[in-house]
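Chains as they are written, first to last, in the UniProt record's numbering: chain A, 1 to 128; chain B, 1 to 166.
Using N, Cα and C, we set each Cβ at its ideal position, and we do this for glycine too.
Here's the structure, in structure tokens; my notes come after.
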Amino acid sequence: MKTPVSVLRLPRGPEPNSRGFDPNSPRYIALCPTTIPASSGNKAGSVTLEEEQRVRSELRERFLRTLLAMTSKPVHFSLYEKVQVQAKFGASDIDILNFQVSDLQTPLGVQKEALLRCQDMISFSFQL
Amino acid sequence: MGDWCRVMPQDWNKYVNHEVRVSAQDKQQYEGWVFTVDPVSASVVLVAFQESGGASVRVVLGHAVREVQVLREADGDTEKKLRSLLTPAGCQVFSDVELKERKERLHGWLEKNLIPVTDEGDVLRVANVLTISAPYGAGQCTSSNEIILARVQSLVESCPQQKNQQ
């Protein structure tokens, strides 16, 4: 049996039963932009709003598929200050703030399980 | 946070399937075909096809994007290649005609089984408690009443000639 690892508590995320963003959580206030770009209701007609929503969902679906394709693959992360690390990607949270990875190969050694803050990354890549 | 994060989704969509050069922080530059731009984090997904047949995918986080430059316009071939790269193999694309056919067939089948069903354009509505959206399989039935849902789903599954349901 595997020995359990200690878990670092993050500030409270979105409510488990809600549809995602809890705009009152400290984490959301600290990290998320309060608005995502959208045309305001009175300026644009409902047709353009609907079109915008369709485009947004299509883009998002493609992005989520990218993350799905990335699960349990070795991913190369380029962080700030020219730090390069490699790890096996596990999961991401909905607002792309943290990645859960396994076998993180750091300059100091291998970390079995880790959370990477997306704010620290410039880019990451993997092979298909 | 740069201006890239404040762009409207429609404008991000203009880059999709184009070959671009993304200038990121630390003066790094990445080139590739844009698969998508995440509307939440503004991250750009770039795909570079390799001669061996594989592909390498690079995601540049939205907050690190400084500039995006279009190198080459989209073409049909790459568009298809990009789409097939990351969509699951079991995915099936229906044409408008096929969808209409499927809807009509299911509509007829439900009526034949004395289920009150109305056609509301893209969706079929059953007695105001259940909707069936495209492509009209058992997996597309939505209802808050699980008993009705189970009944209608089994009926949809037994619909003759409605194959390849997902």
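- Separation of Leu128 (chain A) and Ala74 (chain B) (C-alpha to C-alpha, rounded to the nearest whole angstrom) is 21 Å.
- If the five residues before and after Ser92 (chain A) are omitted, its C-beta is found closer than 6 Å to the C-beta atoms of Leu67 and Phe99, all from its own chain and listed in chain order.
- Taking 8 Å as the CB threshold, Val55 (chain A) lines the interface with chain B.
- The CB of His63 (chain B) comes closer than 7 Å to the CB of Gln119 in chain A, given here in chain order.
- In this structure, Gln161 (chain B) keeps its C-beta atom at 8 Å or more from the C-beta atom of Ala138 (chain B).
- Listed as beta-bridge partners of Val20 (chain B) by DSSP are B:Gly32 and B:Val70.
- Here DSSP, grouped into helix, strand and coil, assigns Asn13 (chain B) to helix.
- Judged by DSSP in its simplified three-state form, Met8 (chain B) adopts coil rather than helix or strand.
- Per DSSP, the beta bridge partners of Ala91 (chain A) are A:Gln100.
- Interface residue (Cβ-Cβ distance to chain A less than 8 Å): Phe35 (chain B) is classified as such.
- Using a Cβ-Cβ cut-off of 8 Å, Asp26 (chain B) counts as an interface residue toward chain A, since at least one Cβ of chain A sits closer than that to its own.
- Here the segment 77 to 84 of chain A makes contact with the segment 116 to 125 of chain A; the two share three or more CB pairs at distances below 8 Å.
- The DSSP-derived three-state label of Ile147 (chain B) is helix.
- For Phe99 (chain A), there are no neighbours in chain B by C-beta distance under 7 Å, as the nearest C-beta there is about 11 Å away.
- Proximity to Arg117 (chain A) across A:Ser46, A:Phe89 and A:Arg62 peaks at A:Phe89, based on C-alpha coordinates.
- Membership of Gly76 (chain B) in the alpha helix (DSSP H) is indicated by the continuous run Gly76 to Leu86.
- Non-local C-beta neighbours of Val70 (chain B) in its own chain, meaning closer than 6 Å and more than five positions away in sequence, comprise His18 and Val20, ordered along the chain.
- For the UniProt domain "AD" (69 to 164) of chain B, the set of positions with a beta-carbon nearer than 7 Å to some beta-carbon of chain A reads Leu85, Leu86 and Thr87 in chain order.
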